[in-house]
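Residue numbers for the sequence shown follow numbering that gives the first Met the number 0, beginning at 0 and rising by one.
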Amino acid sequence: MARTFPPLEFSYGSREAIIYALCAGMGQDPLDRRELDFVYEPRLKLLPTLLTAAAWDYRFIEGSGIDEVMILHGAQRVTVHAPLPPAATVVNRFRIADIFDKGPGRGAVVVAETELREKASGRLLCTHLWTSYARGEGGFGGPRGLSEPPVTVPHREPDAVVAAATTTSSSTLYRLLGDVNPLHVDPDVAIAAGFPRPILHGLCTYAIVSRAIVAAACGYAPERLAMLDCRFLAPAFPGDSIDTEMWVDTGTATFRATARERGVELARGTARLADSAPPPAVSAAAMTPA
Ligand SMILES: CCCCCCC[C@@H](O)CC(=O)SCCNC(=O)CCNC(=O)[C@H](O)C(C)(C)COP(=O)(O)OP(=O)(O)OC[C@H]1O[C@@H](n2cnc3c(N)ncnc32)[C@H](O)[C@@H]1OP(=O)(O)O
Numbered sequence: 000m001a002r003t004f005p006p007l008e009f010s011y012g013s014r015e016a017i018i019y020a021l022c023a024g025m026g027q028d029p030l031d032r033r034e035l036d037f038v039y040e041p042r043l044k045l046l047p048t049l050l051t052a053a054a055w056d057y058r059f060i061e062g063s064g065i066d067e068v069m070i071l072h073g074a075q076r077v078t079v080h081a082p083l084p085p086a087a088t089v090v091n092r093f094r095i096a097d098i099f100d101k102g103p104g105r106g107a108v109v110v111a112e113t114e115l116r117e118k119a120s121g122r123l124l125c126t127h128l129w130t131s132y133a134r135g136e137g138g139f140g141g142p143r144g145l146s147e148p149p150v151t152v153p154h155r156e157p158d159a160v161v162a163a164a165t166t167t168s169s170s171t172l173y174r175l176l177g178d179v180n181p182l183h184v185d186p187d188v189a190i191a192a193g194f195p196r197p198i199l200h201g202l203c204t205y206a207i208v209s210r211a212i213v214a215a216a217c218g219y220a221p222e223r224l225a226m227l228d229c230r231f232l233a234p235a236f237p238g239d240s241i242d243t244e245m246w247v248d249t250g251t252a253t254f255r256a257t258a259r260e261r262g263v264e265l266a267r268g269t270a271r272l273a274d275s276a277p278p279p280a281v282s283a284a285a286m287t288p289a
């Protein structure tokens, strides 16, 4: 907890923004002009969660004693403070906020907070909360922390469903943005971690949810997404079709992402929307790429 980490710097521009939007499932329908805005330079819009891709930081694992093969991404929250510039160098300050002990034979939950500022202006762009779940590392004698179940979704039909087709090479594409964890591409590492094959980056699922919320709850206005909080419930595999169902209310959206073919719930969470008036819900059929 007392360990300090020197700030990290990274730069991004349209290339990173477009790869991120492609990983999020955008641009799959070549006739959809609203999505073209996120994958085509002349009128580029940026997904507000883009910086999660380059800002990953595993330095805390080195020397911690945690078996890095066994660590999974448990949850992610991005709070947006300012719209992302089209290109920037960003300074990322990282600290460990909490470590919880879920008991012998269970996991350790490591919560890290990062603050991301534009280098040139010093302006705070966003804060990220990263929750990692280190399987098998419980029982070290730390506090258990609150028992925080995932959010529940309303008992009614969703207001919108957004489909994203991942491909068997989605992880290979996503890692070009910075997160080179071999768990997502190397079958031997995946098997050592207890999976039959490489799993998708949690943050790629997060990108997919982010795109779904921006599309259907924000009417493709990325500046309306103020906060996105997502809990990862089960691993996604590259090639899964991921459906994000959402329930939109004034200023908020609750969502659930499911791997359609396997019928497995992958993630759940909430988004805060900047405007009070939600846009009209988009029907599932209208949002599902042909
Ligand atoms: C700084 C950034 C570092 C990022 C490191 C990650 C690097 C990435 O490259 C790796 C990835 O992307 S991995 C892919 C994405 N993530 C996943 O696929 C994980 C999916 N989730 C799971 O498998 C299980 O929920 C699982 C395994 C997470 C938990 O399942 P169970 O073992 O069944 O545990 P469960 O019984 O549900 O809970 C045990 C106790 O832990 C608490 N808890 C679980 N998930 C939590 C979470 N996300 N946040 C906070 N607390 C959490 C539970 O509440 C429970 O606590 P208690 O017993 O006190 O109630």
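Idealized CB from N, CA, C, for every residue including glycine.
- Assigned with DSSP and collapsed to three states, Cys-229 falls in strand.
- If you ignore the 5 residues before and after Val-263, its C-beta comes within less than 6 Å of the C-beta of Ala-233, all in its own chain and listed in chain order.
- Counting of Cβ neighbours within 10 angstroms places Arg-76 among the buried residues, the total reaching 16 or more.
- Contact holds between the region 115 to 122 and the region 80 to 89, because three or more Cβ pairs, one in each stretch, are under 8 Å apart.
- Judged by pairs of C-beta atoms under 8 Å, the region 172 to 179 does not touch the region 35 to 46, as fewer than three such pairs exist.
- A residue is called buried when at least 16 other Cβ atoms come within 10 angstroms of its Cβ; Val-89 meets this threshold and is buried.
- Measuring C-alpha to C-alpha distances from Thr-151 to each of Thr-269, Phe-4, Ala-133, Asp-248 identifies Thr-269 as the nearest.
- In the displayed model, Asp-187 falls within a helix according to three-state DSSP.
- Counting C-beta pairs with one atom in each stretch, the region 91 to 105 and the region 0 to 20 have three or more that are closer than 8 Å, which means they touch.
- Here Ala-20 carries a helix assignment [DSSP, helix/strand/coil].
- If you check the C-beta of Trp-129 against ligand 1, you find a heavy atom less than 8 Å away.
- Taking a cut-off of 8 Å for Cβ pairs, the region 137 to 144 and the region 16 to 29 do not touch, as fewer than three such pairs fall below it.
- Setting aside the 5 residues that flank it on each side, Gly-106 is surrounded in the same chain by Tyr-132, Ala-133, Arg-134, Gly-135, Glu-136, Gly-137, each with a C-beta closer than 8 Å to its C-beta; the list follows chain order.
- According to DSSP, Ser-240 shares a beta bridge with Ala-164.
- The C-alpha of Leu-265 lies about 38 Å from the C-alpha of Ser-120.
- Pairing Asp-242 with Thr-257 gives a Cβ-Cβ distance under 9 Å.
- Only residues of its own chain outside the window of five on either side were considered, and among them Leu-50, Val-77, Thr-78, Val-79, His-80, Leu-115 have a CB closer than 7 Å to the CB of Cys-125, listed in chain order.
- Annotation for Glu-112: the continuous beta strand (DSSP E) segment containing it runs 107 to 117.
- Counting every other CB atom within 10 Å of its CB across the protein chains shown gives Gly-201 a total of 16 or more, marking it as buried.
- Look at Arg-143: its beta carbon is less than 8 Å from one of the heavy atoms in ligand 1.
- By the Cβ neighbour-count rule, Gly-24 is buried, with 16 or more other Cβ atoms within 10 Å of its own.
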